[in-house]
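Below: the structure, in structure tokens.
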Amino acid sequence: MSRIGDAVNAPFAPVRAYFRKHRSFGIFVGVVLLSIALPLLTRVPPFDGIQSTNAWVNAFTTAAIYAMLAMGLNVVIGFAGLLDLGYAAFFALGGYTYALAASPFSGIHLPFWPMLLAGGIVGAIFGVLLGAPTLRLRGDYLAIVTLGFGEIVPITLMNADKFTDGVNGIGGIDKPSIPGILQFTLINPWPMYGLVIVLFTLIMIMIYRLEDSRLGRTWDAIREDELAAESSGVNTVIAKLQAFAVGASIAGIVGVVNAAKLTIVTPDQFRFAVSISALAAVVLGGMGNTIGVATGAFIIYLFQSILLKQLNTLVENFNIPILNQVDFLEFQYVLYGIVLVLMMLKRPQGIFPARRRMREFAPLKIGKGGLK
Amino acid sequence: MSAAKSGPMLRARGVTRKFGGLVAVNSVDFEIPRGSISAIIGPNGAGKTTFFNVIAGIYAPTEGTIELDGKPLISPPTGAGREPILLVLPTIPFIGLAIYFLLAVGGDTGLVEGVASVAVALLGFVGALLLNIIRPAWYNRLIKRIGVTRPARPNDMVVAGLARTFQNIRLYKSLTTLENILVGMHVHMHGTLFGALFKTRQVREEEAAAEQRARELLAFVDLAGMENELAANLPYGKQRLLEIARAIASRPKLLLLDEPAAGMNPRETEEMTALIRRIRDELGITVLLIEHDMRVVMGISDYITVLDHGEKIAEGLPKAIRTNPKVIEAYLGRGAAAGH
């Protein structure tokens with residue numbers, strides 16, 4: 007590190023040491039500060055000109071949902087090294103779980119809070135269901151099977167008319183409420199923002215704890231060398247199933263929140279594009295680095311939903327020929343493609359590489375003894 | 005602790021392994037005395053590594069059985085054709101329940117009943133699937149009654165007290181040396197998913213104790229001070245040491261070393277020999293090794309077994325092996341053995 011960097015960092019050393027020791031508290035403090043700073047930032051130019059604070063907060067909420075999804079996918083891809091291209095399926099299952107449990111369509115109105123847990127359990131069950139037959143597969147083969155699973159789920163939801171109302175989806179889903187204190191509404195984005203922030207913090211703390219645990223190490227071992235892991239006594243079958251289950255249950259929980267936020271679920275919300283966008287966030291942020299992946303998701307989401315929209319208005323305002331016919335929002339898929347290709351070519355370890363990958367990609371150090 | 009038991013540490017009876025038409029190991033009987041250092045030697049392609057892999061649970065034998073510490077662990081798989089039944093049978097009650105569910109509410113099934121019955125059937129299926137995959141001990145005993153047996157998997161062998169290293173070193177390259185050892189200690193740690201999530205006191209204490217022991221193990225193989233070094237960055241000789249340390253971290257009764265001195269210079273070879281002796285003497289671990297370097301083999305082995313073309317051609321004390329005409333013939337050809 008440069009000498010200037012050292013000088014700047016020096017006063018923060020004790021703070022850093024403290025948070026390294028109390029990481030969960032550090033995550034809590036960081037997320038709280040950020041969640042206060044972001045809405046404040048939207049009050050100053052140029053951000054205040056783009057959209058109202060409420061619209062911004064709404065966008066941040068969606069971005070955080072998306073970031074949680076990416077963190078969950080990162081457990082499967084980044085930690086255990088299992089390339090899962092059908093991750094949106096678990097997101098969908100969580101969403102439909104809540105939709106069926108709390109909407110006029112089913113006529114049942116269960117409270118929101120226990121359904122968070124139910125969404126997680128449904129996700130975990132399907133995670134195991136997908137994981138079990140694919141345990142022997144690796145790399146490309148696993149990717150193809152998970153891709154298929156990711157398509158089967160929305161198509162089933164679309165065709166099971168009787169249970170899901172097909173393409174129309176299930177609307178009018180109940181908003182969460184804390185009885186007697188707080189009723190979430192569509193107009194006021196703040197309660198949902200708060201809920202998402204709390205969940206985000208919890209999920210991040212839990213993922214970090216898992217990473218450093220006995221289970222996290224077995225995932226590392228499987229990713230590095232499966233045969234060696236087995237010969238170290240790791241039951242790779244169970245460890246992989248646990249990775250699938252943890253990843254899927256996070257998607258399930260997030261699916262419940264997403265359904266409650268939008269108050270509608272349709273099969274179209276959970277197509278391949280969702281899986282690919284989560285994957286793009288993981289690759290952009292840096293596989294295996296939880297904070298990096300969450301940041302990657304924020305960047306991609308805000309880029310596509312704010313910047314592309316701005317581009318639309320800009321082109322319209324200046325009335326640039328040809329370009330004003332183009333809807334830039336349609337270009338989000340191009341964006342994912344560009345992100346994936348560019349990152350793989352230029353910086354495969356991601357913007358914020360995981361500690362381990364950073365070392366993997368670091369230039370070979372040649373010591374006193376020369377090359378060995 | 006294991007001194008209380010008698011009989012060999014490992015007993016292989018009639019072990020055969022075929023790959024298609026190729027017989028890699030042919031009906032080998034083999035015993036490793038408790039507390040010994042034994043070696044398997046043989047020319048290239050003699051089937052040594054295949055035999056090793058059968059013992060370690062990586063390949064199932066085509067015929068024969070293997071006992072570790074008196075426990076029969078490995079035998080050829082049987083009843084594979086009956087396995088799908090294992091998945092379907094336990095699901096039937098759940099599917100029955102789901103059908104009953106649907107019938108009980110009459111012809112016009114409501115949404116709730118529909119979803120609930122699908123959920124019940126699904127849960128039953130996932131349960132059966134999990135049982136079939138995880139195979140707890142009681143489940144194994146149960147399926148043995150209908151004639152389905154599966155040989156122990158590599159991780160089962162580690163639990164039973166066997167550890168191994170590989171001919172081409174297989175470390176977790178992007179983990180530190182300390183983390184490599186911690187993975188090796190996996191079977192003796194008990195932290196669960198939920199323990200990790202809530203960071204229970206048990207988990208914290210276990211982690212701290214494990215780290216302490218991992219440092220001791222690193223010191224044992226003379227890698228102290230390299231705890232945070234990346235495994236991939238260690239020089240070749242030290243990678244071999246780390247792999248051995250990772251293997252003994254699982255507190256094995258029997259340690260399998262696949263060519264531990266391959267590619268080492270004479271000084272490193274000498275250190276390796278000393279280490280293998282210390283593993284036996286100080287940790288009380290029985291050692292079985294495959295080795296090409298005859299100085300190593302003759303120097304430390306109590307017993308030597310010679311394989312050629314998948315068959316055992318000789319076994320005994322190093323002295324006897326050295327002068328055994330069959331062995332000389334296998335290594336040097338018939339002419340040399342006849343003294344021409």
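From first to last, the protein sequence lines stand for chains A and B. For the first sequence, this note's numbering begins at 7 and goes up steadily by one. For the second sequence, this note's numbering begins at 5 and goes up steadily by one. Note that beta-carbon positions come from the ideal geometry of N, C-alpha and C, so glycine has one too.
DSSP places Leu246 of chain B in the uninterrupted alpha helix (DSSP H) bounded by Tyr240 to Ile252. Here the C-alpha atom of Leu258 of chain B lies approximately 31 Å from the C-alpha atom of Gly199 of chain B. Inter-residue distance for Ile297 of chain A and Glu295 of chain B is about 47 Å (C-alpha atoms, whole angstroms). Counting along the chain, the unbroken beta strand (DSSP E) around Ser31 of chain B starts and ends at Leu26 to Ile36.
Interface residue (Cβ-Cβ distance to chain B less than 9 Å): Ala105 of chain A is not classified as such. In the structure shown, Lys177 of chain B falls within a coil segment according to DSSP collapsed to helix, strand and coil. Cβ proximity to chain A below 8 Å picks out nothing from the stretch 86–103 of chain B.
For Asp262 of chain B, the secondary structure class from DSSP, reduced to helix, strand or coil, is strand. Within 8 Å of the CB of Gly118 of chain B, the CB atoms of chain A belong to Lys168 and Phe169, in sequence order along the chain.
Of the candidates A:Tyr214, A:Ile305 and A:Gln316, A:Tyr214 places its Cα closest to the Cα of Gly84 of chain A.
Not a single C-beta of chain A is nearer than 9 Å to the C-beta of Phe224 of chain B. If one requires a minimum length of 4 residues, the alpha helix (DSSP H) runs lying completely within the stretch 203–233 of chain A are 220–230, in chain order. Residues of the stretch 158–170 of chain B with a C-beta less than 8 Å from any C-beta of chain A: Pro158, Asn159, Val162, Val163, Ala167, Arg168 and Phe170, listed in chain order. Listed in chain order, the non-local C-beta contacts of Thr301 of chain A below 7 Å within the same chain comprise Gly291 and Phe358, local neighbours out to five positions each way being set aside. Annotation note: the stretch 71–159 of chain B contains the following uninterrupted alpha helix (DSSP H) runs of length 4 or greater, listed N- to C-terminal: 87–92, 96–108, 115–138 and 141–149.
One thing to note: Val134 of chain A has its Cβ within 9 Å of the Cβ of Leu133 of chain B. For Ala287 of chain A, the closest C-alpha among the options A:Phe276, A:Phe304 and A:Asp274 is that of A:Phe304.
As a beta-bridge residue in DSSP terms, Thr20 of chain B pairs with B:Glu67. By the Cβ-count criterion, Glu87 of chain B is exposed, with fewer than 16 other Cβ atoms from all chains shown falling within 10 Å of its own Cβ. Closer than 9 Å at the C-beta level to chain A, one finds these residues of the stretch 184–196 of chain B: Asn184, Leu186, Val187, Gly188, Met189, His190, Val191, His192, Met193, His194, Gly195 and Thr196. Taking the CA atoms as reference points, Ser30 of chain A sits about 5 Å from Ile211 of chain A.
Interface criterion not met: the Cβ of Ala76 of chain A is under 9 Å from no Cβ in chain B.
In this structure, the alpha-carbon of Leu268 of chain A lies about 59 Å from that of Gly24 of chain B.
Rounded to whole angstroms, the separation of the alpha carbons of Lys316 of chain B and Ile289 of chain B is 25 Å. Residues of the stretch 241–258 of chain B with a C-beta atom less than 9 Å from some C-beta of chain A are Glu247, Arg250, Ala251, Ala253 and Ser254, listed in chain order.
Taking C-alpha positions only, Leu188 of chain A is separated from Val202 of chain A by approximately 15 Å. Cα atoms of Arg229 of chain A and Glu333 of chain B: separation of roughly 45 Å, rounded to the nearest angstrom.
Distance between Thr277 of chain B and Asp218 of chain A, taken at the CA atoms: about 35 Å. Listed in chain order, the beta strand (DSSP E) elements of length 3 or more contained wholly in the stretch 284–310 of chain B are 290–294.
Short of 7 Å from the beta carbon of Leu163 of chain A, and not among the five residues preceding or following it, lie these beta carbons of its own chain, in chain order: Ala98, Tyr102, Thr170 and Pro273. Residue ranges of uninterrupted beta strand (DSSP E) with 3 or more members are absent from the stretch 62–91 of chain A; none lies entirely inside it. Taking a C-beta cut-off of 7 Å against chain A, the contacting residues of the stretch 128–144 of chain B are Val130, Leu133, Leu134, Ile137 and Ile138, listed in chain order. Between Phe96 of chain A and Gly258 of chain A a beta carbon distance of about 6 Å is seen, short of the 8 Å cut, so the two are scored as contacting.
In the three-state reduction of the DSSP assignment, Gly320 of chain B falls in the strand class. Under the three-state reduction of DSSP, Ser112 of chain A is assigned to coil, being neither helix nor strand.
Non-local beta-carbon contacts of Lys246 of chain A in its own chain, meaning distances under 7 Å to residues more than five positions away in sequence, involve Ala86, Leu88, Gly137, Leu141 and Ile228 in chain order.
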